[in-house]
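> My questions will all concern the structure given below.
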Amino acid sequence: MSLKTFSRGGVHPPEHKLSAGNAIEVLAPPEIVVIPISQHLGAPSKVIVARGDQVKVGQLIARSEGFVSTNIHSSVSGKVLKVDRFMDSSGYRKMAVQIQVEGDQWVETIDRSDDLVRNTVLTSEDIRKKILDAGIVGLGGATFPSHVKLMVPGGKRAEYLLVNGVECEPYLTSDHALMMERSEELLSGIQILMKGLGVEKAILGIENNKPDAIDKMKKVVEGSAVRVQGLKVKYPQGGEKQLVQALLKREVPSGGLPIDVGVVVFNVGTAYAAYEAVMKNRPLIDRIVSVTGKSMEKPSNFQVRIGTPISLLVEKAGGLPDNTSKVINGGPMMGKALSTLDAPVVKGSSGILLIGDEEARRKEVKPCIRCTKCVNVCPMGLEPYLLMTLSEKGLFERMESEKVMDCIECGSCSYTCPSSRPLLDYIRLGKAEVGKIMRARRAV
Amino acid sequence: MSQIILFTIVTLVAIGAAAAIILYFVAQKFKVFEDPRIDEVEEALPAANCGGCGFPGCRNFAETLVKSDSWDDLFCPVGGNETMAKAAAILGKEAIEQAPRVAVIRCNGTPEFRPRYNVYDGAPTCAIAHSLSTGEGGCPHGCLGLADCVVVCNFDAIHMDPVTDLPVVIDDKCTACGACVEACPRDIIELRKKNKKDRKIFVSCINEEKGGVAKKNCSVACIGCSKCFQVCPHEAITMENNLAFIDSDKCKLCRKCVIVCPTNAIHELHFPPRKTDKTEPAEAETK
């Protein structure tokens, strides 16, 4: 089997896929859930329930506001306790709906059986609508509303659907588990997305550290228009621009999207959610989350309802180990440390990683020695050392001309820096400032 | 031999004279007239080039002063009224007097009052810490203690207090240029009117959470009870988003609000001690 990969930059951090091969464990709903109304990229949704309302599983509780926005559904049945601001993973309080769980009553239209449904008579228009109705967003982490991606802008044509089963972040295994256990459904989901987009060809990219998933998916896709391609292990292959390059040797232009080169990329989790939404009328109310870490008693893959407190997940995976020094929302490369364990699981949470003192401690920051390792590993061809200096000095216009907005925040630069400089921290700051400048310019 | 020398001298002089004439005419043609008053005004400015006036440097400000007819929005906070009067005298214009201002830190979240839930070990700047999380304490509005304001101060007027972990403004050095106000990602720092003997009364909190949440995060937070609002005889206090704000232009420094505040969120600085019949100890004593 020939393996492909992207050509520019990249690193290979230790994989530590501790929870790989562990079956997906479906967790019962917790006692109380907190469902934030802004779990996606774009405008926050508008709450349509009030305190005291009774809701069922799958009932719409917040409606999409604007084009780039999506619906949010109740993940449990019970009574709305409060519509108020609750702490999210960063500790800031954001609007959310708090629901006291009572029983497990589902909305009647949802098909809860395990029967596999293959073919659909729906048109691409219907598929898009169903995906919006179900509140599906990109589950790889960026949480971009999926129905928007399915709408190919005028003048452009989608040729390929790429499905991202790369899971290049160390530790995380939720996509791996999904491909192993829900393969048939996943294939059906991919076919639905193909129909939604009107494309004939689809490629599922999987990194070679998951040979079982590659074999399994190869067997499943036999006879369909979907092709499975093994990829050499390299971070950040799961970035969509890197994946497009690895699979098709096409370069997404600076500031552009994959659709500019005739490609649309979806994560495997999103494809599975699309299957559930279109075939089973089941909105996005739960997701698969890896809870892992070296000193974790039982690294697991859980299927949990959105809004479940993260503390409960940690408890189910064996409790908080004594030497835990950081709990990270996401993987070790791109994730952010949680400031509170009470924060809820949201649509974008792909993993919870507990790391001990040894791994968590930041090393002493030393001066830049101009070794250009960061330049060599940057998968977007940027100059991280330069961007960091510009950001420190507040030269944001210059950062813009140095293409800081192309940064995908993969963290390869910070990972590789021998002086342990906080490159990505400063670049993120610069991106935020440049974003403000660009918005101000557009407003004029 | 002497002929060659003579020829060389004559030629060179001729070239020199021709070039001089050409250069003279070119210089006349492309002459840039610069108002000599700009130099004079620039001389009168403090040459701090701090940007406090809103212009990139003192020269730029001087040019604008010379050009503009009305000086409504033009003021040099570093030089103050004195400098503006000097500049006005040079240009024969009228300076608009502004009350001198001073930066005030509106947070009192010392470790004593504000519980710390976690430790931040990322890049040591407030801007980054602010974008990542609420910081070490739970208060999403409080000082992060990473000294972005100290770094930007050109006048050495702010330093961090190692005990309280909060910045301290040295009133005598502060020129109210506003660099720290700009730098603070949480907008804690405010420029307030400078009073006699640096006396000031202000709400040392900017959080807009509801009372209960605010108090849980920080025991000296403004909880929005509006007691100060009711007691103020000068209508200097406004209540907005669970937060009291004292307008320094209206405040008459009567200190009535300080006593009624249940969380000691209102500070009075540089006042003489109160007479003993008042219950609350003056904040000035503890500072």
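Taken in order, these protein sequences are the chains called R and X. For reference, each letter of the first sequence is one residue, going 21 to 464 in the working numbering. For reference, each letter of the second sequence is one residue, going 753 to 1039 in the working numbering. We treat Cβ as the ideally placed atom computed from N, Cα and C, and that holds for glycine. This structure is a prediction, so every number in the text was calculated from the model and none was measured.
#1: Kindly indicate which three-state DSSP category A460/R falls into: helix, strand or coil?
#2: Classify D426/R as helix, strand or coil using the three-state DSSP reduction.
#3: In terms of DSSP beta bridges, what is H93/R paired with?
#4: Taking CB distances under 8 Å as the criterion, tell me whether D445/R reaches chain X.
#5: Looking at the unbroken alpha helix (DSSP H) that takes in L333/R, where does it start and where does it end?
#6: Taking 8 Å as the CB-CB limit, is P892/X close to chain R?
#7: Would a C-beta distance cut-off of 8 Å place R148/R and Y292/R closer than the cut-off?
#8: Whose Cβ in chain X lies nearer than 8 Å to the Cβ of Y405/R?
#9: Does the beta-carbon distance from M107/R to T409/R come in below 8 Å?
#10: For the alpha helix (DSSP H) that T816/X lies in, which residues bound it at each end?
#11: 8 Å is my cut-off, CB to CB: does E1035/X come that close to chain R?
#12: Please confirm whether N833/X has its beta-carbon closer than 8 Å to some beta-carbon of chain R.
#13: Shorter than 8 Å from the beta carbon of S144/R to some beta carbon of chain X?
#14: Counting only beta-carbon separations shorter than 8 Å, does R113/R have a partner in chain X?
#15: Got a sec, what are the start and stop residues for the alpha helix (DSSP H) E45/R sits in?
#16: Check D306/R in the structure and name its three-state DSSP category.
#17: So, L918/X versus V933/X, is the Cβ gap smaller than 8 Å?
#18: Report the residues of the region 355-371 of chain R with a CB closer than 9 Å to any CB of chain X, ordered along the chain.
#19: Counting only beta-carbon separations shorter than 8 Å, does P442/R have a partner in chain X?
#20: At least one CB of chain X closer than 8 Å to the CB of A452/R: is that the case?
#21: If you check the beta carbons only, do K114/R and R71/R fall under 8 Å apart?
#22: Mapping DSSP to helix, strand and coil, what is R1007/X?
#23: Excluding the 5 residues preceding and the 5 following K423/R in the sequence, name in chain order all residues of the same chain whose CB lies nearer than 7 Å to its CB.
#24: Does DSSP classify G98/R as helix, strand or coil?
#25: State the beta-bridge partners of E227/R as determined by DSSP.
#26: Hey, Y255/R and M353/R: beta-carbon distance below 8 Å or not?
#27: Whole angstroms are fine: how far does the CA of D195/R sit from the CA of A380/R?
#28: Would you mind telling me which residues of chain R sit closer than 7 Å to N870/X, beta carbon to beta carbon, in chain order?
#29: Do you know whose CA, among R418/R, I428/R, C433/R and P442/R, lies nearest I457/R's CA?
#30: My assumption, with CB atoms under 8 Å, is that L277/R sits in contact with V219/R. Please give the rounded CB distance.
#31: Within the same chain, show all residues whose beta-carbon is closer than 8 Å to that of R789/X, passing over the 5 residues directly before and after it, in chain order.
#32: For L268/R, would you say it is in contact with chain X, using Cβ-to-Cβ distances shorter than 8 Å as the test?
#33: Tell me which residues share the same chain as P937/X and place their Cβ nearer than 6 Å to its Cβ, disregarding the 5 neighbours each side in the sequence.
#34: If I follow the unbroken alpha helix (DSSP H) through H196/R, where does it start and stop?
#35: If we count the other Cβ atoms within 10 Å of its Cβ and call it buried at 16 or more, is L444/R buried or exposed?
#36: Using a 10 Å radius around the Cβ and a threshold of 16 neighbouring Cβ atoms, would you call N993/X buried or exposed?
The answer reads as follows:
#1: helix
#2: Helix.
#3: L80/R
#4: Output row for D445/R: interface = yes.
#5: I330 to K336
#6: yes
#7: no
#8: What Y405/R touches in chain X: nothing, since even the nearest Cβ is about 15 Å away.
#9: no
#10: C810 to K819
#11: With a pLDDT of only 48 at E1035/X, under 50, the local geometry of the prediction cannot be trusted, and no value is derived from it.
#12: Cβ-Cβ to chain R under 8 Å: no for N833/X.
#13: no
#14: By this cut-off, R113/R is an interface position.
#15: Not the alpha helix (DSSP H): E45/R falls in the beta strand (DSSP E), residues I44 to V46.
#16: strand
#17: no
#18: K356, A357, L358, S359 and T360
#19: yes
#20: yes
#21: no
#22: In this structure, R1007/X counts as coil in the three-state DSSP scheme.
#23: S274 and L402
#24: strand
#25: L251/R
#26: For the 8 Å CB-CB criterion, Y255/R and M353/R form a contact.
#27: 25 Å
#28: S359
#29: Nearest to I457/R by C-alpha distance, out of R418/R, I428/R, C433/R and P442/R, is R418/R.
#30: Their Cβ separation, rounded to whole angstroms, is 15 Å, which puts L277/R and V219/R out of contact at 8 Å.
#31: V818, I842 and L843
#32: no
#33: C878, A879 and H882
#34: S194 to E201
#35: buried
#36: The residue in question, N993/X, is exposed, as its Cβ has fewer than 16 Cβ neighbours within 10 Å.
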